[in-house]
Amino acid sequence: MHQDYRIALVRELCEHQVKFTPRGKRLEQADRAERLLGELDLARDYPYEFIYYRVTDYRPEENNRKMVRGEDAAHDLRLFVEDVTDSLNLKVEEAQEPVHSVEDLSRMFNVSTKTISRWRDQGLVSRRFLNDGRKRVGFLHSSVERFVARNKDRVRRGERFSQLSADERAEIIERARSIAAEGHNLSEVARQVSLAVSRSVETIRYTIKNHDRKTPEQAVFPDSRPVLTDMDKAAIYNQYQRGTGLSQLARQYSRSRSSVLRVLNEQRAKLIMELPLEYIDNELFARPGKRQEAEILGEMPEAMIPPRKVRAPSGLPTYLASLYDVQLLTREQEYHLFRKMNYLKSRAKKLREQLATEDPTVALMEEIEGLYQSSVDVKNKIVQANLRLVVSIAKRHMKSSDDFFSLVSDGNISLFRAVEKFDFSRGNKFSTYASWAIMKNFARSIPDEFKHNDRFRTTGEEVFMAHEDTRRDHFAEEIAQKQRETQINRILGRLDYREQQIIIRRFGLNHSEEPLTLKEVGAALGVTKERIRQIEARALSKLREAATSEHIDVPE
Numbered sequence: 001m002h003q004d005y006r007i008a009l010v011r012e013l014c015e016h017q018v019k020f021t022p023r024g025k026r027l028e029q030a031d032r033a034e035r036l037l038g039e040l041d042l043a044r045d046y047p048y049e050f051i052y053y054r055v056t057d058y059r060p061e062e063n064n065r066k067m068v069r070g071e072d073a074a075h076d077l078r079l080f081v082e083d084v085t086d087s088l089n090l091k092v093e094e095a096q097e098p099v100h101s102v103e104d105l106s107r108m109f110n111v112s113t114k115t116i117s118r119w120r121d122q123g124l125v126s127r128r129f130l131n132d133g134r135k136r137v138g139f140l141h142s143s144v145e146r147f148v149a150r151n152k153d154r155v156r157r158g159e160r161f162s163q164l165s166a167d168e169r170a171e172i173i174e175r176a177r178s179i180a181a182e183g184h185n186l187s188e189v190a191r192q193v194s195l196a197v198s199r200s201v202e203t204i205r206y207t208i209k210n211h212d213r214k215t216p217e218q219a220v221f222p223d224s225r226p227v228l229t230d231m232d233k234a235a236i237y238n239q240y241q242r243g244t245g246l247s248q249l250a251r252q253y254s255r256s257r258s259s260v261l262r263v264l265n266e267q268r269a270k271l272i273m274e275l276p277l278e279y280i281d282n283e284l285f286a287r288p289g290k291r292q293e294a295e296i297l298g299e300m301p302e303a304m305i306p307p308r309k310v311r312a313p314s315g316l317p318t319y320l321a322s323l324y325d326v327q328l329l330t331r332e333q334e335y336h337l338f339r340k341m342n343y344l345k346s347r348a349k350k351l352r353e354q355l356a357t358e359d360p361t362v363a364l365m366e367e368i369e370g371l372y373q374s375s376v377d378v379k380n381k382i383v384q385a386n387l388r389l390v391v392s393i394a395k396r397h398m399k400s401s402d403d404f405f406s407l408v409s410d411g412n413i414s415l416f417r418a419v420e421k422f423d424f425s426r427g428n429k430f431s432t433y434a435s436w437a438i439m440k441n442f443a444r445s446i447p448d449e450f451k452h453n454d455r456f457r458t459t460g461e462e463v464f465m466a467h468e469d470t471r472r473d474h475f476a477e478e479i480a481q482k483q484r485e486t487q488i489n490r491i492l493g494r495l496d497y498r499e500q501q502i503i504i505r506r507f508g509l510n511h512s513e514e515p516l517t518l519k520e521v522g523a524a525l526g527v528t529k530e531r532i533r534q535i536e537a538r539a540l541s542k543l544r545e546a547a548t549s550e551h552i553d554v555p556e
């Protein structure tokens with residue numbers, strides 16, 4: 001469905017008719033809309049009720065006295081006809097009269113296909129038909145006759161300007177070549193040639209580009225790239241995402257800004273077509289009313305009994321401690337979030353089916369991306385509220401030889417998959433389903449990892465595995481190490497700058513460097529090895545005194 005309606009009420013009418021009106025009635029309304037379009041005075045204003053009545057033969061249920069411009073009404077009625085006939089899946093054979101394609105009209109009036117596109121914007125009514133299994137734009141013979149009768153001068157002018165003789169084309173190319181040699185771009189060349197030969201700028205531009213495409217060895221603009229490869233298009237999109245401006249891309253790839261924008265939209269549409277929009281369907285998603293949709297998309301309900309905040313045990317790593325800041329979900333909150341996530345994805349997927357990758361609509365792409373991002377945000381809420389569950393299960397499955405955080409990471413991946421697959425409509429608690437999914441994954445992955453490690457174990461690892469690990473808790477060790485580093489930094493402050501540099505380099509206190517020899521430190525500071533030894537001895541004496549006052553055990 002078109003996204004560029006000018007009157008929101010007409011678009012709503014079209015959406016309603018497509019969804020709920022019988023097929024025969026829709027075809028009748030398309031005919032009524034086309035007849036009305038031919039009667040409108042573009043300079044007048046009309047009540048919306050009048051438009052509604054003429055199209056549907058009914059008065060609107062709600063009185064709507066809004067006035068609409070005739071020009072806007074004509075524009076939207078043409079879109080209405082095309083969208084309604086698109087929903088009918090009409091075969092060309094079902095039409096009661098001849099149906100012309102864009103190419104047919106181009107040959108019939110001896111004009112370019114671009115001229116036909118402009119005529120559509122100017123009131124030529126088009127419909128959509130099934131032809132050889134594909135939807136194509138078609139024009140009823142009667143629609144073409146009505147347009148020609150109302151636009152005789154425009155059609156005659158289009159025919160005249162399209163009939164370029166071989167001599168005229170040759171003159172245009174020669175003039176263009178002469179002007180381009182002075183360093184002017186295509187737009188300026190087309191403008192100057194247009195003034196010289198009394199043809200439209202668009203005709204000149206089209207003639208030059210067509211000549212360069214057919215005869216690249218004699219091109220007016222030989223440096224231009226006639227075709228952008230898929231790699232070029234991907235590079236343009238990536239550069240734009242990294243902040244390269246449109247003007248710079250246009251110069252780099254010898255394209256106009258509009259061409260670059262078209263490439264960006266095509267690439268954006270390609271990425272949208274690859275978005276993971278699979279969802280768990282529900283009967284609520286088929287035709288939700290406005291109130292029901294507002295409830296689905298509303299804020300998560302508050303818990304009837306506020307959950308008690310659990311305090312994180314002291315000494316935990318930052319990641320584990322942060323999990324205690326997220327409240328667990330009630331059954332009602334889980335149901336709301338899963339329903340909302342799947343509904344958002346269902347809407348995004350249905351809109352994506354209307355997206356044309358060749359000529360995508362920016363508004364439609366933004367709507368799809370917005371719905372997808374909202375679904376991701378909801379999914380993240382569900383995941384964050386269940387991360388503690390992963391840690392709890394990982395603790396039960398952990399053995400002395402396992403890496404705890406690798407186990408948690410593996411469990412988190414299982415949790416993400418479980419969120420995608422959970423059917424909220426069955427009334428089960430998500431934690432039950434997620435626990436089963438995580439444990440099933442652990443049961444499969446842990447034996448596989450053990451087999452891999454056992455196969456590729458080194459001698460050192462065998463010795464390590466054979467002895468009991470008698471070390472203290474590594475979390476406590478980490479805290480103690482940080483305390484020692486703080487104390488050392490404090491007592492280093494009692495040394496002067498040169499003494500500090502010698503001690504830091506000699507003992508590798510800078511984590512990015514290995515300990516250096518006396519000779520290497522002397523070379524770095526520009527003194528002899530013996531002088532470094534003397535300063536080091538003096539500095540160590542100071543450090544022992546400082547360590548005693550700080551109650552730090554100093555090894556002999």
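Numbering (full-length UniProt numbering), first residue to last: 1 to 556. For every residue, glycine included, the Cβ atom is placed at its ideal position computed from N, Cα and C.
For residue i and residue j, what's the separation of their Cα atoms in angstroms?
i    : j    : result
S431 : I280 : 18 Å
V390 : L316 : 16 Å
H16  : Q3   : 15 Å
Y343 : N380 : 16 Å
S143 : L329 : 60 Å
T21  : V68  : 24 Å
V419 : E71  : 50 Å
L275 : E366 : 13 Å
A303 : Q373 : 25 Å
D132 : V99  : 14 Å
Q333 : A394 : 25 Å
A523 : Q534 : 15 Å
F338 : I51  : 42 Å
F139 : L351 : 26 Å
K345 : Q354 : 15 Å
A437 : R396 : 15 Å
E499 : T548 : 19 Å
A250 : L371 : 31 Å
K429 : R331 : 6 Å
Look up residue i in the DSSP assignment and say whether it is helix, strand or coil.
i    : result
N441 : helix
V463 : For V463, the pLDDT reaches just 41, beneath the cut-off of 50, and the residue's location in the model is therefore unreliable, although a value from the coordinates is still provided. V463 falls in the helix class under three-state DSSP.
Y52  : helix
M398 : coil
F450 : Its pLDDT being 47, under 50, F450 is placed unreliably in this model, and the coordinates cannot settle the point.
Y46  : strand
F456 : In this prediction, F456 has a pLDDT of 47, which is less than 50 and means its spatial position is unreliable; what the coordinates show is noted afterwards. Coil at F456, not helix or strand.
R69  : strand
K429 : coil
N110 : coil
N265 : helix
H211 : helix
F404 : helix
A234 : helix
Nearest to residue i by alpha carbon, out of the options?
i    : options                   : result
I296 : S375, L9 and S406         : S375
Q292 : M231, K340 and R242       : K340
S87  : Q267, I51 and R136        : R136
L284 : R251, H336 and V383       : H336
I204 : T528, N238 and E171       : E171
L36  : Y48, E28, E499 and R54    : R54
A356 : S346, L415, E266 and L320 : E266
Q327 : R388, D377 and A286       : R388
E202 : V148, K114 and D423       : K114
L9   : G298, V527, I532 and L77  : L77
T361 : L415, V378, V263 and R287 : V263
According to DSSP, what are the bridge partners of residue i?
i    : result
N342 : According to DSSP, N342 bridges with nothing at all.
K25  : DSSP output for K25 lists no bridge partner at all.
G138 : R127
R177 : None, per the DSSP bridge assignment.
K91  : L130
H100 : F139
Is residue i buried or exposed, if buried means 16 or more other CB atoms sit within 10 Å of its CB?
i    : result
T244 : exposed
T85  : buried
V189 : buried
Q29  : buried
R505 : buried
D423 : exposed
L195 : exposed
Y58  : exposed
L543 : buried
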